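To keep things clear, I will list the structure first and then write my remarks on it.
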Amino acid sequence: MLHLAQVQKNPTSGNLELQVIASQIDDSVWEVDNSTLIPLTEEISLVESALVLLEKESDNSITKIQPATDWILSLLQKHFTKNAISPQLVAAEQSKIEEWRQEITVQNLELNRRFLEIETRREQLQELEQSLKHEQEQLQLMANRLKQQF
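If you read the sequence shown in my numbering, its first letter stands for residue 66, the second for the next number, and so on.
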């Protein structure tokens, strides 16, 4: 398993040790964890406060250690360059989302207005239909009276 660690000096013994800062869970997921201290038993020329990448076994024995500078620079290039996600890109996307939200709100209001207009017309047509039925019944009654008189 790959870990990011910082070299530090043990205040009691004065020996160098590694403070694990984060551990890789899978290719693109890291878990921050600074609870593990690994004493350096071998003479390795490391500078205090340097960041290193290390691979270790479950018993904390180190199988590989290397400076983290190149790895950190590659992360910065991958994620924080012009082609990557930047605060400006996030702001631009938020602005687009807000514009779309406002457009959808306007469209929704227009659809509601049209729905109410159609509903009003439907009610008017029903009233006209009732009125015509009533007039038809009145005409039918008048026609029947006329027939009875002749």
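Cβ atoms here follow ideal geometry from the backbone N, Cα and C, with glycine treated the same way. All figures in this text were calculated on a predicted structure; none of them were measured in a lab.
Counting only the Cα atoms, Q159 lies some 50 angstroms from N80. In the same chain as S100, and ignoring 5 residues on each side of it, the C-beta atoms closer than 8 angstroms to its own belong to V85, in chain order. Nearest to S126 by alpha-carbon distance, out of L83, Q71, S196, is L83. For S123, the closest alpha carbon among the candidates M66, A70, L211 is that of M66. The bridge partners DSSP lists for A115 come to none.
K121 counts as buried, since at least 16 other C-beta atoms from the protein chains shown sit within 10 angstroms of its C-beta. For D91, the three-state secondary structure derived from DSSP is strand. Annotated as distal: S93 and H68, with beta-carbon spacing of 8 angstroms or more.
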